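This is how it looks when you write it as structure tokens:
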């Protein structure tokens with residue numbers, strides 16, 4: 010179990026766990042998950058961390074088929090500018106290793122933004138806190154348990 014799955018179990022949130030054999034040579038963790046689980050890549054989301062000019066860490070959940078629009082994230086967060094967070098700081102703050110960072114069950118609760126492209130889906134897939142482990146849940150359930158806001162932060 011991971012902190013993400015422990016949280017979902019504790020709050021009795023509806024979710025499904027999917028696992029696959031992670032290949033350490035995979036170029037993209039998210040695309041690997043979509044491919045190995047036979048999922049629509051538009052439904053699989055990656056968790057990225059960015060830092061504002063005030064060194065506030067922000068969590069961005071965007072589709073694995075696109076990228077994070079840093080300007081859009083800054084706008085959504087009400088800050089001047091953001092850049093990708095230092096990997097060591099991301100791991101320290103979340104308690105997860107890169108490639109397995111889940112938006113759920115992080116050590117420190119950070120402001121979280123989910124790309125609005127998630128909203129039309131009945132369920133989306135995000136990391137469950139370990140490489141090779143995904144959790145499927147409704148976008149609203151993810152938002153509820155991360156305190157997230159939906160915003161147009163992804164770029165195709």
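Numbering (the working numbering), first residue to last: 10 to 165.
In this text, a Cβ means the ideal position worked out from N, Cα and C, and glycines have one as well.
Because the structure is a prediction, the values reported are computed rather than measured.
Option nearest residue i by Cα separation, candidates the options
i, options, result
"residue 133", "59, 64 and 24", "24"
"residue 95", "124, 59 and 87", "59"
"residue 112", "157, 83 and 86", "157"
"residue 129", "140, 143, 148 and 138", "148"
"residue 4", "26, 65 and 33", "Outside the modelled stretch of the chain, which goes from 10 to 165, sits residue 4, for which no answer is possible."
Same chain only: Cβ atoms within 8 Å of residue i, ignoring 5 sequence neighbours per side
i, result
"residue 48", "42 and 134"
Residue j beta carbon less than 7 Å from that of residue i
i, j, result
"residue 91", "residue 107", "no"
"residue 67", "residue 86", "yes"
"residue 55", "residue 74", "no"
"residue 110", "residue 152", "no"
"residue 14", "residue 165", "no"
"residue 141", "residue 31", "yes"
"residue 118", "residue 11", "no"
"residue 57", "residue 162", "no"
"residue 69", "residue 150", "no"
"residue 29", "residue 16", "no"
Cβ shell of residue i (< 7 Å), same chain only, five flanking positions each side left out
i, result
"residue 116", "102, 103 and 104"
"residue 35", "41"
Rounded straight-line distance, which links the Cα of residue j to that of residue i
i, j, result
"residue 155", "residue 38", "22 Å"
"residue 97", "residue 44", "28 Å"
Along the chain, which unbroken stretches of the beta strand (DSSP E) at least 3 residues long are found entirely within the stretch 32-88?
54-61 and 66-72
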